[in-house]
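2 protein chains.
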Amino acid sequence: MISIAIMGFGTIGSGVFDVVNINREILKKHVGDEVQVKYVLDIREFPGQPVEKVLVNDVNRILEDPEITVVVETMGGVEPAYTFVKKALEAGKSVATSNKELVAAKGHELMAAAREKGVSFLFEASVGGGIPILRPLRTCLTADRIEEITGILNGTTNYILTKMGQEGTPFETALSEAQAMGFAERRPEADVEGHDACRKLAILLSMVLKERVDPADIYTEGITKITAVDFVCARALGMEIKLLADAEIHEDAVFAMVSPFLVKPDNPLYAVRDVFNGILVHGNMVDDLLFYGRGAGKEATASAVVGDVVEMLQHPAGTVYDGWGEEKRVLSDITRDRHSFLIRVPDQEAEAVPRAFPGAEAVKAALEGEAAFVTEVLSEQEFSERAEKLSILGRIRVHA
Amino acid sequence: MISIAIMGFGTIGSGVFDVVNINREILKKHVGDEVQVKYVLDIREFPGQPVEKVLVNDVNRILEDPEITVVVETMGGVEPAYTFVKKALEAGKSVATSNKELVAAKGHELMAAAREKGVSFLFEASVGGGIPILRPLRTCLTADRIEEITGILNGTTNYILTKMGQEGTPFETALSEAQAMGFAERRPEADVEGHDACRKLAILLSMVLKERVDPADIYTEGITKITAVDFVCARALGMEIKLLADAEIHEDAVFAMVSPFLVKPDNPLYAVRDVFNGILVHGNMVDDLLFYGRGAGKEATASAVVGDVVEMLQHPAGTVYDGWGEEKRVLSDITRDRHSFLIRVPDQEAEAVPRAFPGAEAVKAALEGEAAFVTEVLSEQEFSERAEKLSILGRIRVHA
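Taken in sequence, the protein lines are chains X and F. Here our numbering runs 536 ahead of the position in the first sequence, where the first position is 1. Here our numbering runs 536 ahead of the position in the second sequence, where the first position is 1.
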């Protein structure tokens with residue numbers, strides 16, 4: 537019998553508890569021994585629930601128990617998760633977490649602590665929920681130069697954009713629906729302003745570069761400025777509007793941004809709708825790969841956490857993954873990054889657009905008092921300079 | 537400097553040679569040392585090509601060189617690949633192969649030989665070409681009960697069906713096009729009769745069950761009977777026709793078949809077109825996952841082979857994966873498997889259909905001298921019995 541501990545009995549933590557119990561036989565087959573949850577750490581009480589029997593409110597109960605070699609962290613947020621995880625690693629216990637905020641902010645320190653003690657720190661569930669993406673990146677795509685990663689990494693915003701696009705639902709209504717259905721937070725800023733996707737992109741990019749990427753260095757734009765008119769234009773262009781987390785890795789530059797993009801129908805991400813996530817990886821040999829599935833949710837995310845637990849239990853003797861270093865990778869200034877843009881201007885400025893943006897093509901859509909154009913491909917800096925000559929009502933990047 | 541050998545310099549073998557050379561720096565980063573191809577085994581000569589310098593025509597040159605710890609097999613076919621791979625494993629060398637025919641027919645014996653010698657036998661490229669699917673199944677989805685695997689596993693047939701559906705191209709013409717473009721074999725039976733997809737399904741299923749599944753036990757039907765009329769019906773139903781390799785794993789039954797299916801638009805495989813492959817995995821916790829990419833082709837497939845090489849070089853001390861056993865898993869008789877069916881009958885029998893198949897719904901399509909219906913869900917046996925009462929012109933299963 538192998539005993540593990542779960543820190544935090546929220547949505548994901550209770551999902552981990554369930555997965556371990558429901559799939560007991562499966563885990564036994566993979567690990568070679570029965571796995572049980574010996575402790576669940578939470579300050580709340582859950583009277584009458586099965587978890588009650590293993591509930592503890594002092595983290596030291598877990599840290600001081602030599603039977604516990606693997607700890608799951610599903611508290612969310614940086615503190616006290618960081619302190620608890622660090623203590624667990626320093627106590628020689630391996631840790632699996634679903635906490636993207638923690639990994640993006642403190643991953644490098646925790647990896648160093650894990651290396652120091654020869655234990656593992658894994659976080660498959662922190663990006664793409666139940667979708668296997670981090671382990672395939674580090675164990676499968678090792679023969680490729682990864683040139684681009686483009687992800688729909690936030691289910692809440694993808695749901696909102698899907699509703700806005702398909703049913704003409706206004707942003708606020710779609711957000712309220714998502715909240716009512718339980719998958720958007722009451723404080724939705726991290727989702728709708730793109731911070732959640734940004735953290736996940738920082739983790740993906742750190743893993744590929746093997747160098748620490750700071751989320752604060754990634755240009756991030758949310759979906760709050762997207763309007764019904766943008767969807768009219770998108771429809772006229774035969775494209776979808778998606779919040780993309782996009783990293784281009786060139787020999788001499790690494791561009792990364794989170795931003796709404798117009799996505800063309802031949803892009804596999806075009807069809808990723810509702811709360812689903814999709815991650816498109818482009819390697820110089822393998823070409824395009826899509827990883828698609830549930831990027832959030834109790835069972836799916838817990839499945840990925842427990843998958844990490846299984847790997848750590850299968851390799852008790854050492855670090856499974858050595859992570860990235862503490863030194864920060866400086867990203868390239870996005871002013872040099874290049875896209876075409878959908879722009880909207882007041883009707884009276886329509887004639888000025890081709891002068892400011894030579895080669896811009898008018899969007900054939902019936903807009904009230906506005907005109908829309910798609911520019912040629914130009915750098916962010918060129919775009920900003922030329923856009924100053926116009927009264928831009930809205931602009932969305934077009935993904936190549 | 538680490539030296540490897542490649543057996544067979546065809547499309548995939550030359551791709552492996554290229555990947556090792558082009559991505560030298562990437563491999564060095566992952567392996568910790570430079571990787572070079574010391575030998576390429578082929579009976580042909582390649583005068584003036586870079587491979588010429590390392591070409592050998594005697595397998596013993598490879599087997600007897602203690603510097604070679606990892607061998608790549610890309611010859612295709614069961615013999616002499618089987619003999620050479622077995623000898624390499626017995627000589628204590630790890631082997632990576634892209635050869636699905638070999639793995640489906642002899643994998644269990646080769647895994648036993650690898651276990652015996654404490655070396656690795658990996659074959660990621662044998663299913664889904666460049667798509668990471670086998671390693672994610674065995675290392676990521678370990679917390680899930682895998683309940684269904686549905687794949688578009690053969691690029692040639694998917695290309696043919698795409699052309700037939702989108703452009704009304706007749707089967708023979710689409711096949712000739714695929715042959716002219718170099719991705720259909722001159723002897724296309726293995727593709728169009730479904731045998732290639734069947735072998736890949738056997739590998740996937742063996743891996744999930746950890747028991748040997750014999751391809752000969754999988755009911756297999758190709759695409760040669762699909763006609764333009766079927767596509768008219770599919771279009772009227774808003775569905776696509778795909779050659780699916782489908783395995784359903786129930787507690788008390790395992791059904792597996794390769795067959796053309798009608799696929800609904802909400803199925804992620806609906807949008808997998810041309811030569812692309814897609815593998816949909818359903819776990820009891822993670823729900824649906826899609827793995828999508830190039831299922832064939834020189835560089836993509838070679839990328840997966842070299843990914844296996846990297847893993848084997850990272851773990852020189854032991855078997856990376858222990859595979860499945862020698863005992864054969866008996867599959868359930870598909871007569872108990874359940875689907876609905878699209879059926880076509882001569883006009884004069886249209887009235888008899890609802891009597892033979894209560895609840896069957898007429899397909900609203902303009903067909904010449906024919907009528908089409910979609911039956912309710914019923915077992916294969918019930919279907920066969922009832923179909924005998926009619927002159928069925930064609931029938932295609934509908935994927936749930």
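C-beta atoms are modelled at their ideal positions from N, C-alpha and C, and glycine is treated no differently.
Tell me which residues share the same chain as residue i and place their Cβ nearer than 7 Å to its Cβ, disregarding the 5 neighbours each side in the sequence.
i, result
"X/Asp766", "Ile777, Gly930 and Ile932"
"F/Glu847", "Leu658 and Val856"
"X/Leu599", "Lys623, Ala624 and Ala627"
"F/Val631", "Val607, Glu609, Val621, Ala624, Leu625 and Phe657"
"F/Lys629", "Ile604, Thr605, Val606, Val607 and Val655"
"F/Val768", "Ala901 and Leu903"
"X/Gly758", "Val728, Glu729 and Gly730"
Apart from the five residues on each side of it in sequence, which residues of its chain come closer than 8 Å, Cβ to Cβ, to residue i?
i, result
"F/Trp860", "Gly643, His644, Met647, Ser742, Met743, Leu745, Lys746, Glu747 and Arg748"
"F/Asn635", "Glu609, Thr610, Met611, Gly612, Gly613, Ala617, Phe659 and Ser662"
"X/Leu926", "Ile879, Val881, Glu885, Ala888, Val889 and Ala892"
"F/Lys834", "Thr547, Ile548, Ser550, Gly551 and Asp554"
"X/Pro706", "Met700 and Ala764"
So which residues of chain X does residue i contact, with C-beta pairs closer than 8 Å?
i, result
"F/Phe690", "As written in the sequence, residue 690 of chain F is Asn, which differs from the Phe given in the question. None at all; the shortest Cβ gap to chain X is about 18 Å."
"F/Ser839", "Leu677, Ala679, Asp680, Gly819, Met821 and Val822"
"F/Ala836", "Met821, Val822 and Asp823"
For a contact meaning CB atoms closer than 7 Å, what does residue i contact in chain F?
i, result
"X/Gly854", "By Cβ distance, chain F contributes nothing, its closest Cβ being about 11 Å from X/Gly854, past 7 Å."
"X/Ile815", "The contacting residues do not exist; X/Ile815 stays about 11 Å from chain F at best."
"X/Pro586", "By Cβ distance, chain F contributes nothing, its closest Cβ being about 17 Å from X/Pro586, past 7 Å."
"X/Ala807", "Ala807"
At a CB-CB cut-off below 9 Å, which residues of chain X make contact with residue i?
i, result
"F/Leu745", "Going along chain X, no residue has its Cβ under 9 Å from F/Leu745, so there is no contact; the nearest lies around 10 Å."
"F/Glu912", "What F/Glu912 touches in chain X: nothing, since even the nearest Cβ is about 29 Å away."
Whose Cβ in chain X lies nearer than 7 Å to the Cβ of residue i?
i, result
"F/His566", "Thr678"
"F/Phe827", "Phe827"
"F/Gly843", "Cys676, Leu677, Thr678 and Ala679"
"F/Pro804", "Tyr828"
"F/Ile667", "Leu825"
Is the Cβ of residue i closer than 9 Å to any Cβ of chain F?
i, result
"X/Phe657", "no"
"X/Ile870", "no"
"X/Asn559", "yes"
"X/Leu563", "yes"
"X/Arg830", "yes"
"X/Ile538", "no"
"X/Gly551", "yes"
"X/Gly833", "yes"
"X/Glu684", "no"
"X/Glu660", "yes"
Just to confirm my understanding: we take residue i, look at its own chain, exclude 5 residues before and 5 after, and list those with CB closer than 6 Å. What are they?
i, result
"F/Asn694", "Ile688"
"X/Arg809", "Thr698"
Is there a C-beta anywhere in chain X that falls below 9 Å from the one on residue i?
i, result
"F/Tyr575", "no"
"F/Val846", "yes"
"F/Ile785", "no"
"F/Val555", "yes"
"F/Ile687", "For the sequence presented, residue 687 of chain F should be read as Gly rather than Ile. With 9 Å as the cut-off, F/Gly687 does not count as an interface residue toward chain X."
"F/Ile739", "no"
"F/Arg671", "yes"
What did DSSP end up calling residue i once you bin it into helix, strand or coil?
i, result
"F/Met775", "coil"
"F/Met943", "Chain F is shown from 537 up to 936; residue 943 of chain F falls before or after that span and cannot be answered."
"F/Pro882", "strand"
"F/Glu683", "strand"
"X/Asn557", "helix"
"X/Pro830", "For clarity, residue 830 of chain X is Arg in the given sequence; the question names Pro instead. Three-state result, X/Arg830: strand."
"X/Val607", "strand"
"F/Asp753", "helix"
"F/Phe582", "coil"
"F/His935", "coil"
"F/His818", "strand"
"X/Lys864", "strand"
"F/Tyr857", "coil"
List the residues of chain F that residue i touches, going by C-beta distances under 9 Å, in chain order.
i, result
"X/Arg651", "Per Cβ cutoff of 9 Å: no residues; X/Arg651 is ~16 Å from chain F at best."
(request) Spell out a yes or no on whether the region 731-739 of chain F and the region 803-810 of chain F are touching, meaning 3 or more CB-CB pairs, one atom from each, closer than 8 Å. (result) Counting Cβ pairs under 8 Å, fewer than three are found: no touch.
(request) Check whether the region 646-660 of chain X touches the region 839-854 of chain X, taking contact to mean three or more Cβ pairs, one atom from each stretch, closer than 8 Å. (result) Touching, yes.
(message) Contact between the region 860-871 of chain X and the region 890-901 of chain X is defined here as three or more beta-carbon pairs at a separation below 8 Å; is this criterion met?
(response) The region 860-871 of chain X, when compared against the region 890-901 of chain X, does not touch it at the 8 Å Cβ threshold.
(message) I want to know whether the region 914-923 of chain X touches the region 542-560 of chain F - three or more CB-CB distances under 8 Å.
(response) Counting Cβ pairs under 8 Å, fewer than three are found: no touch.
(message) When you compare the region 812-823 of chain F with the region 792-802 of chain F, are there three or more beta-carbon pairs, one atom per stretch, that lie closer than 8 Å?
(response) The region 812-823 of chain F is not in contact with the region 792-802 of chain F.
(request) Would you check if there are 3 or more beta carbon pairs closer than 8 Å linking the region 578-585 of chain F to the region 664-675 of chain F? (result) They do not touch, by the three-pair rule.
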